[in-house]
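K.L.:
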Amino acid sequence: MILITGATGHIGSVVLEQLLRKLPAHQLAALVRDEIKAAHLQAQGITIRVGDYRDPASLERAMQGISKVLLVSGGGDEDGLQQHYNVVDAAKKAGVRCLAYTSRALQNPATLTNQLMVRHFQTEDYIRASGLSYLLFRNILYMDTLPQFVGPQVFEKGIQLPAGQGRVAFALRRDMGEAIANVLADDSCQNRIFTFTGAATYSFTDVAQALSELSGRPVEYTPIEEQEFMSRLRAQGLPAVAVERITGFLTDIKNDQESTVTAELADWLGRPPTPLREGIKEIFKV
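So in my numbering, spot 162 of the sequence shown is number 484, and the numbers just go up one at a time.
This is the structure we're talking about:
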């Protein structure tokens with residue numbers, strides 16, 4: 323039986339949806355904190371296990387009889403790394419055969435500005451040290467997050483970010499979720515690392531151009547300095563930690579941390595991943 327954590331979240335739900343196409347529902351389980359929110363999964367025949375990353379005992383109970391676990395990385399909580407460790411420890415205690423993890427495809431973890439991302443590689447190290455067989459999914463930045471970066475008034479004000487001409491091999495969340503599910507449905511678990519990226523890299527200039535062409539409204543990308551960007555975020559009332567993380571994220575893009583390109587996503591999809599223009603049309607409904 324395969325257990326998907328974060329099963330009602332963005333990537334977890336996509337993975338489960340694809341797994342249902344490949345495997346019978348009785349082979350699938352969903353780890354959730356709120357059973358009520360998972361009623362739609364239960365209705366499809368998926369087993370519901372209740373657990374919380376902060377509660378090791380609940381995790382160990384939830385993993386009884388489970389052979390493979392997908393640990394979907396948590397958010398930006400201060401204790402987020404410990405939460406990941408708790409899942410790994412529980413999997414080992416419960417006798418799980420294979421642990422998979424959604425990590426990040428970044429060029430050089432040692433030179434990251436956004437230190438939150440370092441957590442992914444610390445989790446990878448902990449999984450390796452656990453002795454569990456593992457599958458590590460290093461995912462590129464989701465194309466689906468573009469609206470968060472460009473803002474709700476992108477067609478009125480354009481794009482102004484401290485990302486320079488840094489390039490990103492954007493891929494849609496549903497493409498990556500489908501590929502992850504295809505790997506999980508395979509019986510093997512051979513301590514493999516998968517780097518899932520789009521087939522090409524794009525700058526925010528490319529994003530602006532695609533938005534312009536698809537909408538018929540001019541959208542320009544203007545690179546700005548980090549300090550100006552941070553001042554704008556502070557003026558919006560964002561807390562200091564959020565300002566630092568968002569700016570760090572964009573600085574890493576500027577430094578081409580997100581520019582890795584591999585064919586692995588296409589290989590596991592059995593088709594090319596969705597290109598930028600097609601993805602933007604879907605995401606922005608233009």
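Yeah, the Cβ is synthetic: ideal placement off N, Cα and C, and Gly gets one too.
Just so it is clear, the structure is predicted and the values come from calculations on it, not from any experiment.
1. Measuring alpha carbon to alpha carbon, tell me which of His332, Pro594 and Phe606 ends up nearest Phe471.
2. State the DSSP-derived secondary structure class of Ala507, mapped to helix, strand or coil.
3. Specify the secondary structure class of Tyr524 as computed by DSSP and reduced to three states.
4. Tell me whether the region 480-496 and the region 442-458 touch, counting them as touching only if at least three CB pairs, one residue from each stretch, are closer than 8 Å.
5. Would you report the Cα separation of Glu547 and Ile575, rounded to the nearest angstrom?
6. From this set, Gly592, Val608 and Gln364, which residue's C-alpha is nearest Ala329's C-alpha?
7. Could you give the first and the last residue of the continuous alpha helix (DSSP H) run that contains Lys344?
8. Look up Ala360 in the DSSP assignment and say whether it is helix, strand or coil.
9. Looking at Leu345: is its Cβ nearer than 7 Å to the Cβ of Leu325?
10. Put Val608 into one of helix, strand or coil per three-state DSSP.
11. Straight-line CA distance for Glu339 to Ile370?
12. Which one of Ala416, Arg426 and Gly486 has the shortest CA to CA distance from Leu572?
13. Which first and last residues belong to the alpha helix (DSSP H) in which Tyr448 is found?
14. Secondary structure at Gln429, three-state DSSP: helix, strand or coil?
15. For a quick check, are the C-beta atoms of Phe551 and Pro484 less than 7 Å apart?
16. For Tyr524, which residues from the same chain have a beta carbon less than 7 Å from its beta carbon, with the 5 sequence-adjacent residues on both sides left out?
17. Let me confirm a value: Thr544 is counted as buried when at least 16 other C-beta atoms fall within 10 Å, else exposed. Which label applies?
18. Relative to the C-alpha of Leu424, which residue among Gly396, Asp509, Ala522 and Thr467 is closest?
19. Would a C-beta distance cut-off of 7 Å place Ala422 and Leu454 closer than the cut-off?
P.N.:
Once the coordinates are examined:
1. Of the residues His332, Pro594 and Phe606, the one whose Cα lies closest to the Cα of Phe471 is Phe606.
2. Looking at Ala507 - three-state DSSP - the assignment turns out to be helix.
3. Assignment of Tyr524 by DSSP, reduced to helix, strand and coil, places it in the strand class.
4. The region 480-496 vs the region 442-458: no contact.
5. Approximately 14 Å, taken between the alpha carbons.
6. When each option's Cα is compared against that of Ala329, the closest is Gln364.
7. First-last of the alpha helix (DSSP H) with Lys344: His332 to Lys344.
8. Of the three classes helix, strand and coil, the one that applies to Ala360 here is helix, per DSSP.
9. No, these two residues do not count as a Cβ contact at 7 Å.
10. In the structure shown, Val608 sits in coil (DSSP, three-state: anything other than H, G, I, E or B).
11. Roughly 15 Å between the two C-alpha positions.
12. Checking every option, the nearest Cα to that of Leu572 belongs to Gly486.
13. In this chain, the alpha helix (DSSP H) harbouring Tyr448 covers Val440 to Ser452.
14. Gln429 falls in the coil class under three-state DSSP.
15. In contact: Phe551 and Pro484 (Cβ atoms closer than 7 Å).
16. Closer than 7 Å at the Cβ level, and outside the excluded window around Tyr524, lie Arg489, Val490, Phe492 and Leu598.
17. Classification for Thr544: exposed.
18. For the record, residue 424 in the displayed sequence is Thr; it is not Leu. Looking at Gly396, Asp509, Ala522 and Thr467, the one whose alpha-carbon comes closest to that of Thr424 is Gly396.
19. No.
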